[in-house]
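Trainee: Residue numbers (the numbering used here), protein chains in the order written: chain U, 13 to 330; chain L, 12 to 556. Glycine included, every Cβ here is placed at the ideal spot set by N, Cα and C.
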């Protein structure tokens, strides 16, 4: 059998297993949180009968295993339950938020990934010379600063001082694509600065590693330009490590942007999650956890698949 | 002198060495070397490692590896000075006027790209031909170099073809842009002897058909004699002797050249088998992990005390697997091993300390077989402590005895491996094996990484130690000359099986089986026209069949 389908199926199966394990952990994790949901909803003065009724209506009197599978099977069908705090359907309230989060992440990714790889290539081209050092200095500085500080500094400069972009990233369905882009410009900029260094450094390191190979010398002795040589001969052999770091950072753009969303009052998943954790709204926390886990595992799976496909030995077996 | 292609005058090449704990200092790698190469001629550059051959070869591309600087003299290519030319000028001539064939084609091809793309890259980059023309030329070259299925060969990736085919593909890559000069840097050294002869023949044909000039770099005088018009002998970055092939081979003037030619002149008396063998391998089959096929199948050999059994064969024939089975690193699937009259437990863990002691190993790569942070005394002293519990003064005295036995003087005990030459490192490894007072030492390609003269010294030392200590050797090698020099009996291995086995005089005497004949006739001989003779002989025998 060709090794690629086999490896792909293996990875997919592994991803599903991982997702299943994550869902168990999310469920168990929210179960051991202190507090009683019925008590929280009905308040301190509720009678024991009312509490029991409430639990029964929420299904909380069932054994944990039964509740887990009920929860999982409805989640698989797209039913994430209703929020305890406001009684709304979780799936429909998350949909818009998730869309916003993905939009911001996509904008940040479209800027940061090509930029990081290009800067990485440039750093290799001018290795140990001033462009390399400058790139490293800037990206390392930006990664070392706390996100919120970076957010406020950028807000102060671009919004307050120069008035280029709005400081509050309000977006809604009525806005055109360009208006939306304008709205998320500042948070996207901050996110880019946060993830740039990691990807750039990895690109640089992975390519420098390949640059030691004999086939780079071969290419150099063909009279190729330095940059052509790096992009055409070194880069294809450094894809696997680069893709892995890119995917980890993309996942971070989706699941780790709480602080930035708060700073720019952006209506995304992170804020939604934090709000409902404060209210002990267990079904919402579970739903968000499940979505984040899916995205995280999905992106890493994708990184694995790209790494496998980028290996000519696997693509073209003997 | 209208025909002069390359003229190197008083070339001086330096490099900066950054030794730990010392100030960086400049060392001279090539000093005052001059050569003139005419269009269409082939010059062989020959010498030991460190002689500066590759460095001189690359200087024709005005290229220095690592921190190497072409610091003085002139390099005139097509009448133009290129030693200190600008980067843009050099890019213009590299891959167009001069091309390069590296020693390890397996490493010199980009694993992520198809062969055709790489073979035609320089041609297209310099705009010498259209894509169609370049690919047509590549296919023609594949055909000239007798590569299989030349039309489709270029569609493959480097890992899909064999080492010998890659080396020929590299030659095609170098010839594709129709350069004036090709630098062949040890193009057949990494190949098996049976493959080497095909590649050598292919390179010779290609040079003759394209009329290109070449610098052919190698440490093997017999090889260079087959392809060159002239030979330059180098040592320590200086020229020793320069002349036509005939003059160098038949009437060498310098002592060093004479030593190179008469290398492997060890005279070894074959010993008769004793009644009881020291090592008896019976019906051994072995494979790695979940592999579907055996790497060794049904191998039986015997080795007598104080004698040498040579295991000969090309890479992949199962020689080293044999060593792993005997040492217990890879327990066999079938078969038994008897050592000194008693059965040897198959796995390393089940063996007693004495069984471990009596069986020692020496490896091909001496520098990675030693801990770089231990001194020679620690390295040799370790088995003395481990097996005999020697400590303090007694241990030091024994270390010195062993150092004397391997002909290294007093000062060596406190040195680190990095401060030793290749041959000295291998000597230390021999001393470490001897320290255990073994009955059998397995020598796995112990001279393959060494220069001929150094290797000769190691072989003489091993023979000398054998006659004094009575130790037996299982000698794994792909080099027939080595086998001739030291073996008492020989097992020729091919694809995991023993093809031919017996006392040396019988194994090396006709009638041969087909494989042994191929193996023996492929070993280059120091003789003009040897290559043509062998090829003609093969054509005749294959026509006869």
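Looking at the structure shown, is residue 500 of chain L part of a helix, part of a strand, or coil, going by DSSP?
Mentor: The residue you call residue 500 of chain L lines up with position 489 of the second chain. Strand.
Trainee: Would you mind stating whether residue 416 of chain L and residue 387 of chain L have Cβ atoms separated by less than 9 Å?
Mentor: Here residue 416 of chain L refers to the residue found at position 405 when the second chain is read from its first residue. Here residue 387 of chain L refers to the residue found at position 376 when the second chain is read from its first residue. Not closer than 9 Å, so no.
Trainee: Starting from residue 312 of chain U, trace the alpha helix (DSSP H) in both directions and tell me its first and last residue.
Mentor: As a working note, residue 312 of chain U is residue 300 in the first chain. Per DSSP, the continuous alpha helix (DSSP H) segment holding residue 312 of chain U begins and ends at 294-321.
Trainee: Just the Cα atoms here: how many angstroms apart are residue 100 of chain U and residue 284 of chain U?
Mentor: Here the question's residue 100 of chain U lines up with position 88 in the first chain. Here the question's residue 284 of chain U lines up with position 272 in the first chain. The straight-line gap from Cα to Cα measures roughly 13 Å.
Trainee: Given that a residue counts as buried once 16 or more other Cβ atoms are within 10 Å of its Cβ, and exposed if not, what is residue 71 of chain L?
Mentor: Taking the first residue of the second chain as position 1, residue 71 of chain L is located at position 60. Label assigned to residue 71 of chain L: buried.
Trainee: Within the 9 Å Cβ cut-off, does residue 189 of chain L reach chain U?
Mentor: Taking the second chain and counting its residues from 1, the one referred to as residue 189 of chain L is at position 178. Residue 189 of chain L does not count as touching chain U.
Trainee: Where DSSP assigns a beta bridge to residue 513 of chain L, which residues make up the other side?
Mentor: Position 502 of the second chain holds residue 513 of chain L. Residue 513 of chain L pairs with L:501.
Trainee: Please identify, using Cβ separations under 9 Å, the residues of the region 81-112 of chain L that lie next to chain U, in order along the chain.
Mentor: 98, 101, 102, 103, 104, 105, 106, 107, 109, 110, 111
Trainee: Does the beta carbon of residue 119 of chain U fall short of 8 Å from some heavy atom of the ligand PLP?
Mentor: The model on display carries no ligand, and the ligand PLP is accordingly not part of it.
Trainee: Quick check: what's the CA-CA separation for residue 549 of chain L versus residue 535 of chain L?
Mentor: Along the second chain, read from residue 1 onward, the residue named residue 549 of chain L stands at position 538. Along the second chain, read from residue 1 onward, the residue named residue 535 of chain L stands at position 524. Distance between the alpha carbons of residue 549 of chain L and residue 535 of chain L: 15 Å.
Trainee: Using a threshold of 9 Å, state whether the C-beta atoms of residue 131 of chain L and residue 124 of chain L are closer than that.
Mentor: Translated into positions along the second chain, residue 131 of chain L becomes position 120. Translated into positions along the second chain, residue 124 of chain L becomes position 113. Taking 9 Å as the Cβ cut-off, residue 131 of chain L and residue 124 of chain L do not qualify as a contacting pair.
Trainee: When you compare the CB positions of residue 297 of chain L and residue 356 of chain L, do they come within less than 9 Å of one another, or not?
Mentor: On the second chain, position 286 is the one that residue 297 of chain L refers to. On the second chain, position 345 is the one that residue 356 of chain L refers to. No; because the gap between Cβ atoms is not below 9 Å, this pair is not in contact.
Trainee: In three-state DSSP terms, what is residue 398 of chain L?
Mentor: For the purposes of this step, residue 398 of chain L is taken as the residue at position 387 of the second chain. Here residue 398 of chain L sits in helix by DSSP.
Trainee: When the cut-off is 9 Å and only beta carbons count, does residue 220 of chain U lie next to chain L?
Mentor: Counting from one through the first chain, the residue named residue 220 of chain U turns up at place 208. By this cut-off, residue 220 of chain U is not an interface position.
Trainee: Who are the near neighbours of residue 64 of chain L in its chain, counting only those whose CB is closer than 6 Å to its CB and skipping five residues on each side?
Mentor: Here residue 64 of chain L corresponds to residue number 53 of the second chain, with the count starting at 1. So the list reads 56, 58, 228, 245, once near-sequence residues are dropped.
Trainee: Please report whether the beta-carbon of residue 322 of chain U lies at a distance below 9 Å from any beta-carbon of chain L.
Mentor: As a position in the first chain, residue 322 of chain U is number 310, starting the count at 1. Closer than 9 Å: yes.
Trainee: Grab the span of the alpha helix (DSSP H) containing residue 205 of chain L for me, first residue to last.
Mentor: Counting from one through the second chain, the residue named residue 205 of chain L turns up at place 194. Counting along the chain, the alpha helix (DSSP H) containing residue 205 of chain L begins and ends at 204-221.
Trainee: In whole angstroms, give me the CA-to-CA distance for residue 180 of chain U and residue 276 of chain U.
Mentor: Taking the first chain and counting its residues from 1, one reaches residue 180 of chain U at position 168. Taking the first chain and counting its residues from 1, one reaches residue 276 of chain U at position 264. The alpha-carbon atoms of residue 180 of chain U and residue 276 of chain U are separated by roughly 5 Å.
Trainee: Out of L:168, L:157, L:146, state which residue places its alpha-carbon closest to the alpha-carbon of residue 118 of chain L.
Mentor: Position 107 of the second chain, counted from the first residue, corresponds to residue 118 of chain L. It is L:168.
Trainee: If we count the other Cβ atoms within 10 Å of its Cβ and call it buried at 16 or more, is residue 177 of chain U buried or exposed?
Mentor: For the purposes of this step, residue 177 of chain U is taken as the residue at position 165 of the first chain. Label assigned to residue 177 of chain U: buried.
Trainee: If you draw a straight line from the C-alpha of residue 236 of chain L to the C-alpha of residue 539 of chain L, how long is it?
Mentor: By 1-based counting over the second chain, the position of residue 236 of chain L is 225. By 1-based counting over the second chain, the position of residue 539 of chain L is 528. Cα to Cα, residue 236 of chain L sits roughly 6 Å from residue 539 of chain L.
Trainee: Going by C-alpha to C-alpha distance, which of L:279, L:16, L:189, L:97 sits closest to residue 471 of chain L?
Mentor: Here residue 471 of chain L refers to the residue found at position 460 when the second chain is read from its first residue. Of the candidates L:279, L:16, L:189, L:97, the one whose C-alpha sits nearest the C-alpha of residue 471 of chain L is L:279.
Trainee: Rank L:156, L:42, L:170, L:200 by C-alpha distance to the C-alpha of residue 185 of chain L and give the top, closest one.
Mentor: Residue 185 of chain L sits at position 174 when you count from the first residue of the second chain. Of L:156, L:42, L:170, L:200, the residue nearest in Cα terms is L:156.
Trainee: I'd like to check one pair, residue 307 of chain L with residue 332 of chain L: are the Cβ atoms closer than 9 Å?
Mentor: The count along the second chain starts at 1 and reaches residue 332 of chain L at position 321. The count along the second chain starts at 1 and reaches residue 307 of chain L at position 296. In this structure, residue 307 of chain L lies closer than 9 Å to residue 332 of chain L by Cβ.
Trainee: Name, please, each residue of chain U whose Cβ falls closer than 7 Å to the Cβ of residue 133 of chain L.
Mentor: In the second chain, the residue the question calls residue 133 of chain L occupies position 122. Neighbours of residue 133 of chain L on chain U, chain order: 234, 235.
Trainee: Quick check on the DSSP output: what are the complete beta strand (DSSP E) runs of length 3 or more inside the region 284-341 of chain L, in order along the chain?
Mentor: Fully enclosed beta strand (DSSP E) runs of 3 or longer: 290-297, 307-314, 319-323.
Trainee: So, is residue 593 of chain L buried or exposed, given that buried needs 16 or more other C-beta atoms within 10 angstroms?
Mentor: Here chain L covers residues 12 to 556 and nothing more, so residue 593 of chain L does not appear.
Trainee: Terminal residues of the continuous beta strand (DSSP E) containing residue 454 of chain L?
Mentor: Walking along the second chain from the start, residue 454 of chain L turns up at place 443. Where residue 454 of chain L is concerned, the enclosing beta strand (DSSP E) stretches over 451-455.
Trainee: State the start and end residues of the unbroken beta strand (DSSP E) segment that holds residue 225 of chain L.
Mentor: Counting from one through the second chain, the residue named residue 225 of chain L turns up at place 214. Per DSSP, the continuous beta strand (DSSP E) segment holding residue 225 of chain L begins and ends at 224-229.
Trainee: What in chain U is Cβ-close to residue 122 of chain L, meaning under 8 Å?
Mentor: Sequence index remark: in the second chain, residue 122 of chain L carries index 111 (1-based). Neighbours of residue 122 of chain L on chain U, chain order: 227, 249, 324, 325.
Trainee: For residue 247 of chain L, which option in L:476, L:459, L:44 has the closest C-alpha, if you only look at C-alpha atoms?
Mentor: Taking the first residue of the second chain as 1, we reach residue 247 of chain L at position 236. Closest option to residue 247 of chain L, Cα to Cα, is L:44.
Trainee: Mind the definition here: the region 201-210 of chain U touches the region 39-54 of chain L only if three or more C-beta pairs lie below 8 Å; say whether that holds.
Mentor: no
Trainee: Under 8 Å: do the region 470-484 of chain L and the region 311-325 of chain L share three or more Cβ pairs, one atom per stretch?
Mentor: yes
Trainee: Given residue 107 of chain L, which residues of its chain have a CB within under 8 Å of its CB, disregarding the five upstream and five downstream residues?
Mentor: Position 96 of the second chain, counted from the first residue, corresponds to residue 107 of chain L. Result list for residue 107 of chain L: 133, 137, 139, 188, 190, in chain order.
Trainee: Using a Cβ-Cβ cut-off of 9 Å, state whether residue 210 of chain U counts as contacting chain L.
Mentor: Counting from one through the first chain, the residue named residue 210 of chain U turns up at place 198. Output row for residue 210 of chain U: interface = no.
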